[in-house]
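The structure under discussion appears below in the form of structure tokens.
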Amino acid sequence: IQTPLPSPLPLPPPIQPPASSIPEESASKDSFLAKMSNFGLTNPNHDIPDQLALPLPANQTEFSAQELNLTGIDLSEELVLKVVVLIYANGKPELLPDYIQVRQGNISIEQAQQLAQQVIRDWLFAPTYMAGQAVVQAYRFQLTISH
Numbered sequence: 144i145q146t147p148l149p150s151p152l153p154l155p156p157p158i159q160p161p162a163s164s165i166p167e168e169s170a171s172k173d174s175f176l177a178k179m180s181n182f183g184l185t186n187p188n189h190d191i192p193d194q195l196a197l198p199l200p201a202n203q204t205e206f207s208a209q210e211l212n213l214t215g216i217d218l219s220e221e222l223v224l225k226v227v228v229l230i231y232a233n234g235k236p237e238l239l240p241d242y243i244q245v246r247q248g249n250i251s252i253e254q255a256q257q258l259a260q261q262v263i264r265d266w267l268f269a270p271t272y273m274a275g276q277a278v279v280q281a282y283r284f285q286l287t288i289s290h
């Protein structure tokens with residue numbers, strides 16, 4: 144009695160390169176990434192809340208040049224801005240333009256204010272809680288904008 148030969152295994156599908164390895168040429172030249180880092184209280188020694196605000200994961204981090212309305216702003220190099228916001232009890236942030244600083248990049252304070260406002264305008268945060276109540280709280284963070 145002959146036993147049938149096992150059928151050959153199907154070939155695995157070709158391995159797709161991860162998105163990050165796509166050559167720069169194919170990435171959109173008009174898209175920019177905004178990354179928040181060093182998020183914390185403006186004064187960590189004063190009125191320490193029970194629960195700090197947290198940025199929501201759904202916040203937009205990729206923007207087109209049109210969305211950022213970048214008239215006259217040169218984004219050919221990475222920009223690093225130090226930003227201060229008030230986060231309200233409803234989770235909406237308000238940029239405090241007088242406290243913005245340009246850490247890296249060649250743009251004016253006015254342009255930095257405009258750019259930061261465009262990036263964070265639709266962001267939401269889980270609010271700060273103190274004594275069980277959502278409260279308004281100031282936070283500082285670094286905003287890095289790059290291609």
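Sequential numbering of the sequence shown, starting at 144, is according to my numbering. We put the beta carbon where it would ideally sit given N, CA and C, even for glycine.
Between residue i and residue j, is the Cβ-Cβ spacing less than 8 Å?
i: Pro-192; j: Thr-287; result: no
i: Gln-254; j: Pro-240; result: no
i: Val-228; j: Pro-236; result: yes
i: Gln-280; j: Ala-196; result: yes
i: Asp-217; j: Ile-250; result: yes
i: Asn-202; j: Leu-267; result: yes
i: Ala-277; j: Ala-232; result: yes
i: Gly-215; j: Ala-269; result: no
Give the DSSP-derived three-state secondary structure of residue i in the structure shown.
i: Leu-267; result: coil
i: Val-278; result: strand
i: Leu-221; result: Here residue 221 is Glu; the residue named in the question, Leu, does not match the sequence. It is coil, neither helix nor strand.
i: Leu-195; result: coil
i: Gln-203; result: coil
i: His-290; result: coil
i: Ile-230; result: strand
i: Arg-283; result: strand
i: Pro-166; result: Reliability of the predicted coordinates at Pro-166 is poor, the pLDDT of 38 falling under 50, and the value obtained from them is presented with this limitation in mind. Looking at Pro-166 - three-state DSSP - the assignment turns out to be coil, as it is neither helix nor strand.
State the CB to CB distance for the pair residue i and residue j, rounded to an integer number of angstroms; the pair is presumed to be in contact (CB under 8 Å).
i: Tyr-282; j: Thr-204; result: That belief does not hold up - the Cβ atoms of Tyr-282 and Thr-204 are roughly 17 Å apart, past 8 Å.
i: Pro-198; j: Phe-182; result: 7 Å
i: Ile-243; j: Val-226; result: 6 Å
i: Phe-284; j: Ser-180; result: 7 Å
i: Glu-221; j: Ser-289; result: 4 Å
Tell me the residue span of the beta strand (DSSP E) that contains residue i.
i: Ala-177; result: 174-184
i: Leu-238; result: 236-238
i: Gln-247; result: 244-247
Starting from residue i and walking both ways along the alpha helix (DSSP H), at which residues does that stretch end?
i: Leu-211; result: 208-211
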